[in-house]
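Colleague: Structure provided below as structure tokens; questions to follow.
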Amino acid sequence: MMMLSDVRADHPLVHPRTSVIICSRGRPELLLDAVRSVLSMSHLPHELVVVDQSEKPQEHLAAARLTRPVALTYLWSPDRGLSRARNVGVGAATGDVLAFLDDDMLAESDWLLTLTGLLAELGPDHVVTGQVRAGEPEVPGAWAPSTITQPAARSYSGQLRRDVLYPNNMGLFRSAFAEIGLFDERLGAGSRFPSAEDNDLCRRLLLAGYVIDYRPEVVAVHRAWRRPDARSKLAYNYGRGQGAFYVKHLSRRDAFMLGRLAEDVYRHVSRAAVRTARSNIAGARSDLAYTRGVLGGAVAWSRTR
265 MMMLSDVRAD HPLVHPRTSV IICSRGRPEL LLDAVRSVLS MSHLPHELVV
315 VDQSEKPQEH LAAARLTRPV ALTYLWSPDR GLSRARNVGV GAATGDVLAF
365 LDDDMLAESD WLLTLTGLLA ELGPDHVVTG QVRAGEPEVP GAWAPSTITQ
415 PAARSYSGQL RRDVLYPNNM GLFRSAFAEI GLFDERLGAG SRFPSAEDND
465 LCRRLLLAGY VIDYRPEVVA VHRAWRRPDA RSKLAYNYGR GQGAFYVKHL
515 SRRDAFMLGR LAEDVYRHVS RAAVRTARSN IAGARSDLAY TRGVLGGAVA
565 WSRTR
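In the working numbering, the protein residues as written are 265 to 569.
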């Protein structure tokens, strides 16, 4: 196994001052590979912040002393929830620009150079997100969710009928969090509503006048490690968080969300019918599981105080 000390240390630092934040829970090998990918980039961050919610600290990371000019901050926490972990990372980071990867992602060689260059050009009222490509299957039938390979650059602002932010490949200025607040810890993996913290952040950014810039040259790879039988469960979890997200904003008199909720349910029910007719039973089950999640999450959120 390649150790952290095996990664070359002769890369220059990038500007503006940047912190890369990676959050993890119970996936030590994936986490280590994600860290290696950051340390192997053509340009390095000033700081790498790892927030680990595993049962026990990863001692090899906690005690790591890197031989390259990157400050490593390893934070172990017994708390649960991806949003909470990201917020801990934001609080600990010292960079002016904060870049996010998930623990099952691999940064391409020029990922950070491209990301920070775009942010420096676009300015602090922009958020950059990019391509999320699926890696090669790591077990038979394995797959990667939440991918996007759209080839054309796009800039999004105002009212949108779809979600366009991918925080497993995202960068923004710290000042954005100071203005709109952090990730909603009631949403996201590990919470009662286990998704849509990204979509909630996106909505709040857009309402505050920020522009979401999708740039295909900002590339990270989502490792394909999930087994085929996990599709329906993950679809339900995605739906449950999404339903909660809709009702959260409806409760704030954001009537636009009612149309989005209705369209989302209609789209997935219709697609389930088409897939059933084409004998794609697994796909239809995922669509229906997502729909059940949306409706269940919407009802459950409406009962929260």
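For glycine and all other residues, C-beta sits at the position ideal for the given N, C-alpha and C.
All of these numbers come straight from a predicted model, not from anything done at the bench.
Check H307 in the structure and name its three-state DSSP category.
Modeller: The residue you call residue 307 lines up with position 43 of the sequence shown. In the structure shown, H307 sits in coil (DSSP, three-state: anything other than H, G, I, E or B).
Colleague: Assuming L529 and S566 make a contact with CB atoms under 8 Å, what is their CB distance in whole Å?
Modeller: Translated into positions along the sequence shown, residue 529 becomes position 265. Translated into positions along the sequence shown, residue 566 becomes position 302. Before going on, a small fix: residue 529 reads as Val here, not Leu. V529 to S566, Cβ: 15 Å. No contact.
Colleague: Between Y430, P404, L465 and P415, which lies nearest to Y474 when the distance is taken from Cα to Cα?
Modeller: What you label residue 474 is simply residue 210 of the sequence shown in a count that begins at 1. The residue with the shortest Cα to Cα distance from Y474 is L465.
Colleague: Rounding to the nearest angstrom, what Cα-Cα distance links P334 and V538 in this structure?
Modeller: Your numbering for residue 334 matches position 70 in the sequence shown. Your numbering for residue 538 matches position 274 in the sequence shown. Note that residue 334 is Val in the sequence shown, not Pro. Their Cα atoms are separated by approximately 51 Å.
Colleague: Taking DSSP as the reference, what is the three-state secondary structure of W407?
Modeller: As a working note, residue 407 is residue 143 in the sequence shown. It is a strand residue.
Colleague: Taking DSSP as the reference, what is the three-state secondary structure of F447?
Modeller: The count along the sequence shown starts at 1 and reaches residue 447 at position 183. The answer is coil: DSSP assigns F447 none of H, G, I, E or B.
Colleague: Can you list, in chain order, the residues of its chain whose CB lies under 8 Å from that of L377, leaving out five sequence neighbours each side?
Modeller: To locate residue 377, count along the sequence shown from 1; it is residue 113. Answer for L377: V278, M305, S306 and H307, listed in chain order.
Colleague: Let's test the definition: count the other Cβ atoms within 10 Å of the Cβ of Q506 and tell me whether it reaches 16, buried, or not, exposed.
Modeller: Mapped onto the sequence shown, residue 506 falls at position 242. Buried: at least 16 other Cβ atoms inside 10 Å.
Colleague: Tell me S288's beta-bridge partners as DSSP assigns them.
Modeller: Numbered from its first residue, the sequence shown carries residue 288 at position 24. According to DSSP, S288 bridges with D316.
Colleague: For V563, count the other beta carbons within 10 Å of its own beta carbon; 16 or more makes it buried, fewer makes it exposed. Which is it?
Modeller: Here the question's residue 563 lines up with position 299 in the sequence shown. Looking at its Cβ environment, which holds fewer than 16 other Cβ atoms inside 10 Å, V563 is exposed.
Colleague: For a quick check, are the C-beta atoms of Y338 and G394 less than 8 Å apart?
Modeller: Here residue 338 refers to the residue found at position 74 when the sequence shown is read from its first residue. Here residue 394 refers to the residue found at position 130 when the sequence shown is read from its first residue. For Y338 and G394, no; Cβs fall outside 8 Å.
Colleague: Pick from S347, R348 and L470: whose alpha carbon is nearest that of D518?
Modeller: Locating residue 518 in the sequence shown gives position 254, counting from the first residue. Considering only alpha carbons, the answer is L470.
Colleague: If we count Cβ pairs, one from each stretch, closer than 8 Å, do we get three or more for the region 437-447 versus the region 404-422?
Modeller: Because the criterion of three Cβ pairs below 8 Å is not met, the region 437-447 and the region 404-422 do not touch.
Colleague: Taking the straight line between their C-alpha atoms, what separation do you get for A273 and E311?
Modeller: Walking along the sequence shown from the start, residue 273 turns up at place 9. Walking along the sequence shown from the start, residue 311 turns up at place 47. Low confidence applies to A273: its pLDDT is 44, below 50, so where it sits in the model is not reliable enough to give any reading.
Colleague: Who are the near neighbours of A546 in its chain, counting only those whose CB is closer than 7 Å to its CB and skipping five residues on each side?
Modeller: Against the sequence shown, residue 546 aligns to sequence position 282. If we look at A546 and ignore the five residues flanking it on each side, its Cβ neighbours are R495.
Colleague: Report back the beta-carbon spacing between S455 and G345 to the nearest angstrom; my notes put them in contact at under 8 Å.
Modeller: The count along the sequence shown starts at 1 and reaches residue 455 at position 191. The count along the sequence shown starts at 1 and reaches residue 345 at position 81. About 5 Å separates the two Cβ atoms, so the contact holds.
Colleague: If you draw a straight line from the C-alpha of D551 to the C-alpha of R332, how long is it?
Modeller: Along the sequence shown, read from residue 1 onward, the residue named residue 551 stands at position 287. Along the sequence shown, read from residue 1 onward, the residue named residue 332 stands at position 68. One C-alpha to the other measures close to 46 Å.
Colleague: Going by DSSP, name the residue or residues bridged to Q423.
Modeller: Counting from 1 along the sequence shown, the entry for residue 423 is found at position 159. Answer is none; Q423 lacks a bridge partner.
Colleague: In or out: V568 buried (at least 16 other Cβ within 10 Å) or exposed?
Modeller: The sequence position of residue 568 within the sequence shown is 304, counting from 1. Note that residue 568 is Thr in the sequence shown, not Val. With fewer than 16 Cβ atoms within 10 Å of its Cβ, T568 is classed as exposed.
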